[in-house]
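Peer 1: The numbers in full-length UniProt numbering rise by one with no breaks, and the one at position 147 of the sequence shown is 147.
Each residue gets a CB set at the ideal place from its N, CA and C atoms; glycine is no exception.
Please read these numbers as outputs of a predicted model, since none were measured by experiment.
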Amino acid sequence: MDYLKLDESDMVTFSAPVNIAIIKYWGKSCQKLNLPMNSSLSLNLNQDHLQAKTTIATSSTFIKDRIWLNGKEQDVEGNTRLQACLKEIRRLARLQAVKRNEDVHRVTRCSQKVHISSRNNFPTAAGLASSAAGYAALVAALGQLYRVDGDLSGVARCGSGSACRSMLGGFVEWVKGGKSDGTDSIAQQFVGEEHWPELRVLIVVTSAQTKAVGSTEGMQRSVETSALLQHRVDNVVPDRMKALTDAILNKDFSAFAEICMKESNQLHAVCQDTFPPLRYLNNVSEQIIRFVHAYNEHCSDTRVAYTFDAGPNAFLFVLERHLSEVASLIYKIFGPATDNATDFFRGERFKAYQSDLPDFETKICPTSAEYVICTKAGPGPLQLFEHNISPKTGLPLP
Ligand code: DP6
Numbered sequence: 001m002d003y004l005k006l007d008e009s010d011m012v013t014f015s016a017p018v019n020i021a022i023i024k025y026w027g028k029s030c031q032k033l034n035l036p037m038n039s040s041l042s043l044n045l046n047q048d049h050l051q052a053k054t055t056i057a058t059s060s061t062f063i064k065d066r067i068w069l070n071g072k073e074q075d076v077e078g079n080t081r082l083q084a085c086l087k088e089i090r091r092l093a094r095l096q097a098v099k100r101n102e103d104v105h106r107v108t109r110c111s112q113k114v115h116i117s118s119r120n121n122f123p124t125a126a127g128l129a130s131s132a133a134g135y136a137a138l139v140a141a142l143g144q145l146y147r148v149d150g151d152l153s154g155v156a157r158c159g160s161g162s163a164c165r166s167m168l169g170g171f172v173e174w175v176k177g178g179k180s181d182g183t184d185s186i187a188q189q190f191v192g193e194e195h196w197p198e199l200r201v202l203i204v205v206t207s208a209q210t211k212a213v214g215s216t217e218g219m220q221r222s223v224e225t226s227a228l229l230q231h232r233v234d235n236v237v238p239d240r241m242k243a244l245t246d247a248i249l250n251k252d253f254s255a256f257a258e259i260c261m262k263e264s265n266q267l268h269a270v271c272q273d274t275f276p277p278l279r280y281l282n283n284v285s286e287q288i289i290r291f292v293h294a295y296n297e298h299c300s301d302t303r304v305a306y307t308f309d310a311g312p313n314a315f316l317f318v319l320e321r322h323l324s325e326v327a328s329l330i331y332k333i334f335g336p337a338t339d340n341a342t343d344f345f346r347g348e349r350f351k352a353y354q355s356d357l358p359d360f361e362t363k364i365c366p367t368s369a370e371y372v373i374c375t376k377a378g379p380g381p382l383q384l385f386e387h388n389i390s391p392k393t394g395l396p397l398p
């Protein structure tokens, strides 16, 4: 490509967080618009440990929209979700540019082609919500590039439903809305990332492999075949949402933990009730569930809670004062067979290898997890000033 020399206003970079759902989204009332059957609520995680980082460049010389994920070019024409986001943001941009009486150059710029380069610092498609973080970073960057004001969570939702919840920090609710055009199906911050500073999340990665059946296909199969899903939507989620928001406001860990685990269990019960059934948990995931219940019982107190999305990796919630003991137990039970544990714990630092551990009957067979990321609540999308597209070539930097 010719020497381009993109300037600062032609490139925008945003990072966005991974979110972990506590009240799960599973099932759509409209596939085209990604409208959910029920409202959901999640926590955004700290971007120091898990983030998608997306640079968007625009130039009148670009002949088509192009996208690279982790350096590998992907198809754009056949990607209907990406097309939907691009189309919607350009529509909003043109509308707002005309309203602001901007000059012709700015209005036509909204139609210029883009090059998008996105990178994750965690395994893609392993149940760590990579598409949510990816679409949130993409939409935040497009919004800034095209100078679109107002709520953009509805645009992120067109990319991936759960992505709308990565557009704000802390605990975020995706309100299902009632309009058929989806304009009221948006994300709202419930409380910011500073609300519950003692809360920690241990992500026990039990497999960094891509899942067999993606969420989109899996939930559609549940909508078509699971009777339990409709029961859950009508009779379970509304009360749970109320109880969960109360627990978060009061920082009531026991109440929070119980809802969190029951929600995860119900998601996977719906998966089991789907025909043919969906299985996202693996043997290590099952052992982690057993460990959590055995440990809480041993302590006569709820100190840890698990939740799993459509993948085998466990997201454990624990308060800071119990972090060291819980993590040390995880290392003892699920750590590598060899004593080479230098990078078993990643993310936030803490005292990980406590020796005076409680001895309780877990009936757990020795199985090992791959690694554990320790993290906590974090903010929504952040603008960065280091781009990963070359201003000279318009292509991703290595
Ligand atoms: C189990 O948002 O990935 O993680 O809207 O089809 O892209 P699409 O699905 P996606 O589904 C996420 C499902 C979940 C639960 C949740 O995050 O609420």
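Using the Cβ count rule (16 or more neighbours within 10 Å means buried), how would you classify N388?
Peer 2: Taking the sequence shown and counting its residues from 1, one reaches residue 388 at position 388. Flag for N388 reads buried.
Peer 1: Please return the same chain residues whose Cβ sits closer than 6 Å to the Cβ of residue 401, not counting the five positions on each side in sequence.
Peer 2: Here the chain covers residues 1 to 398 and nothing more, so residue 401 does not appear.
Peer 1: Shortest alpha-carbon distance to E258 belongs to which of T216, T302, F291 and Y295?
Peer 2: Position 258 of the sequence shown, counted from the start, is the residue given in the question as residue 258. Of the candidates T216, T302, F291 and Y295, the one whose C-alpha sits nearest the C-alpha of E258 is T302.
Peer 1: On the criterion of 16 or more Cβ atoms from any shown chain inside 10 Å, does F253 qualify as buried, or is it exposed?
Peer 2: Position 253 of the sequence shown, counted from the start, is the residue given in the question as residue 253. Buried: at least 16 other Cβ atoms inside 10 Å.
Peer 1: Please list, in chain order, all residues with a C-beta atom less than 5 Å from at least one heavy atom of the ligand DP6.
Peer 2: Result: A21, K24, Y25, N34, S40, S160, G161, S162, S215, T216, D309 and A310.
Peer 1: Using the beta-carbon count (16 or more within 10 Å), is A16 buried or exposed?
Peer 2: As a first step, residue 16 must be located in the sequence shown, where it is residue number 16. The residue is buried, with at least 16 neighbouring Cβ atoms inside 10 Å.
Peer 1: At what residues does the alpha helix (DSSP H) containing R106 begin and finish?
Peer 2: The residue you call residue 106 lines up with position 106 of the sequence shown. It spans V104 to R109 - the alpha helix (DSSP H) in which R106 sits, taken as one unbroken run.
Peer 1: According to the neighbour-count rule (16 or more other Cβ atoms, all chains shown, within 10 Å of its Cβ), is M1 buried or exposed?
Peer 2: On the sequence shown, position 1 is the one that residue 1 refers to. For M1, the predicted structure reports a pLDDT of 49, less than 50, and the residue's modelled location is therefore unreliable. A value from the coordinates is still provided. Counting Cβ neighbours within 10 Å, M1 comes out exposed, since fewer than 16 surround it.
Peer 1: Just list the residues that DSSP pairs Q96 with in beta bridges.
Peer 2: On the sequence shown, residue 96 is found 96 positions in, with the first residue counted as 1. BP columns for Q96 are empty, so no partner.
Peer 1: Per DSSP, A377 forms a beta bridge with which residues?
Peer 2: Sequence index remark: in the sequence shown, residue 377 carries index 377 (1-based). Its beta-bridge partners are L45.
Peer 1: Using the Cα positions of L397 and R279, report the straight-line distance between them to the nearest angstrom.
Peer 2: Residue mapping note: residue 397 aligns to position 397 of the sequence shown, counting from 1. Residue mapping note: residue 279 aligns to position 279 of the sequence shown, counting from 1. Between L397 and R279, the C-alpha separation is close to 38 Å.
Peer 1: How big is the Cα-Cα spacing for A294 and F360?
Peer 2: Here residue 294 corresponds to residue number 294 of the sequence shown, with the count starting at 1. Here residue 360 corresponds to residue number 360 of the sequence shown, with the count starting at 1. So the two alpha carbons sit approximately 8 Å from each other.
Peer 1: With distances taken Cα to Cα, identify the nearest neighbour of N235 among Q266, R200 and G218.
Peer 2: Sequence index remark: in the sequence shown, residue 235 carries index 235 (1-based). It is Q266 whose Cα lies nearest to the Cα of N235.
Peer 1: Pick from S300, S324, H298 and L281: whose alpha carbon is nearest that of Y306?
Peer 2: The residue given as residue 306 occupies position 306 in the sequence shown. Closest by alpha carbon: L281.
Peer 1: For H268, count the other beta carbons within 10 Å of its own beta carbon; 16 or more makes it buried, fewer makes it exposed. Which is it?
Peer 2: Taking the first residue of the sequence shown as position 1, residue 268 is located at position 268. The residue is buried, with at least 16 neighbouring Cβ atoms inside 10 Å.
Peer 1: For the alpha helix (DSSP H) containing L323, list its first residue and its last residue.
Peer 2: In the sequence shown, residue 323 corresponds to position 323, counting from 1. Unbroken alpha helix (DSSP H) run through L323: E320 to F334.
Peer 1: Please classify D48: is it buried, with 16 or more other beta-carbons within 10 angstroms of its beta-carbon, or exposed?
Peer 2: Counting from one through the sequence shown, the residue named residue 48 turns up at place 48. Result: exposed.
Peer 1: Find the nearest neighbour of S9 within the set C110, A314 and A133, judged by alpha-carbon distance.
Peer 2: Here residue 9 refers to the residue found at position 9 of the sequence shown. Minimum Cα distance to S9 is reached at C110.
Peer 1: Measuring alpha carbon to alpha carbon, tell me which residue in A141, S59, T274 and T393 is nearest G218.
Peer 2: Within the sequence shown, numbered from 1, the residue matching residue 218 stands at position 218. Answer by Cα proximity: T274.
Peer 1: List the endpoints of the continuous alpha helix (DSSP H) containing N296.
Peer 2: Position 296 of the sequence shown, counted from the first residue, corresponds to residue 296. N283 to C299 is the span of the alpha helix (DSSP H), which, as asked, contains N296.
Peer 1: Buried or exposed: which applies to L323, given that a residue is buried once 16 or more other Cβ atoms fall within 10 Å of its Cβ?
Peer 2: The residue given as residue 323 occupies position 323 in the sequence shown. It counts as buried.
Peer 1: Please classify G182 as buried or exposed, where buried requires at least 16 other C-beta atoms within 10 Å of its C-beta.
Peer 2: Taking the first residue of the sequence shown as position 1, residue 182 is located at position 182. So G182 counts as buried.
Peer 1: I'd like the ranges of any alpha helix (DSSP H) spanning at least 4 consecutive residues and lying wholly in the region 153 to 230.
Peer 2: Those alpha helix (DSSP H) runs which fall completely within the region 153 to 230 and span 4+ residues are 153 to 159 and 215 to 225.
Peer 1: Can you check whether the CB of R90 is closer than 8 Å to the CB of Y135?
Peer 2: Looking up residue 135 in the sequence shown gives position 135. Looking up residue 90 in the sequence shown gives position 90. No, they are not a contact pair.
Peer 1: Is it right to say D103 is buried, meaning 16 or more other beta carbons lie within 10 angstroms of its own, or is it exposed?
Peer 2: In the sequence shown, residue 103 corresponds to position 103, counting from 1. It is exposed - the Cβ of D103 has fewer than 16 other Cβ atoms within 10 Å.
Peer 1: Distance, Cα to Cα, T245 vs L6?
Peer 2: Working through the sequence shown from its first residue, we reach residue 245 at position 245. Working through the sequence shown from its first residue, we reach residue 6 at position 6. Going from the Cα of T245 to the Cα of L6 covers about 46 Å.
Peer 1: For A125, name the three-state secondary structure that DSSP assigns.
Peer 2: Indexing the sequence shown from 1 puts residue 125 at position 125. With a pLDDT of 44 at A125, under the threshold of 50, the modelled position of that residue is not reliable, and the figure given next carries that caveat. In the structure shown, A125 sits in coil (DSSP, three-state: anything other than H, G, I, E or B).
Peer 1: In three-state DSSP terms, what is S118?
Peer 2: In the sequence shown, residue 118 corresponds to position 118, counting from 1. S118: strand per DSSP, three-state reduction.
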